[in-house]
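First up is the structure itself, then whatever we jot down about it.
In full-length UniProt numbering, the protein residues as written are 1 to 142.
Printed below as a string of structure tokens:
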């Protein structure tokens, strides 16, 4: 079933493209620092070790996205929809943040702006949810 696989490729491709862009900028000690999406993917998984519990919570949207992709691949559309929705809610909650932990000593930096990498990341999650919903509707009627 070729049409099924294209719905996996679009969210994955968008996610992979997002890794090459800046996710957001932070003002820390008078300097603006860009955080790259690829770096955040790898280092976000250990952010709780430095006290970044909320930062780790946002990073978990990647886990929910990956699980949604796996369930979509297994044609478990309802589970994929729910996991995608959870990932989307978590990822969009970052819009409401004003500052983020920038140092293990607890220093916070002001979020200066969300960048292309962040929006592509959210778009990949949105595509995943849309793909899951579409396939659920398509195969429900057959």
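Here a beta-carbon is modelled for each residue, glycine too, at the ideal position from N, C-alpha and C.
Nearest-angstrom beta carbon gap, residue j and residue i [assumed within contact, 8 Å]
i: residue 100; j: residue 90; result: No, residue 100 and residue 90 are not in contact; Cβ-Cβ is about 15 Å, not under 8 Å.
i: residue 14; j: residue 124; result: 4 Å
i: residue 77; j: residue 8; result: Actually they do not touch by this definition, with Cβ atoms about 12 Å apart.
i: residue 120; j: residue 6; result: With 8 Å as the limit, residue 120 and residue 6 do not qualify as a contact, their Cβ atoms being about 19 Å apart.
i: residue 81; j: residue 133; result: 6 Å
i: residue 24; j: residue 113; result: 7 Å
Environment of residue i [buried if 16+ CB atoms lie within 10 Å]
i: residue 53; result: exposed
i: residue 117; result: buried
i: residue 127; result: buried
i: residue 62; result: buried
i: residue 47; result: buried
i: residue 92; result: exposed
i: residue 37; result: buried
i: residue 103; result: exposed
Simplified DSSP state of residue i, which is helix, strand or coil
i: residue 103; result: coil
i: residue 19; result: coil
i: residue 149; result: In the structure displayed, the chain extends from 1 to 142; residue 149 sits before or after that span and is not available.
i: residue 115; result: coil
i: residue 108; result: strand
i: residue 145; result: With the chain covering 1 to 142 only, the question about residue 145 has no answer from this structure.
#### Entry: Length at least 3, wholly inside the region 46-70: the beta strand (DSSP E) runs in chain order
none
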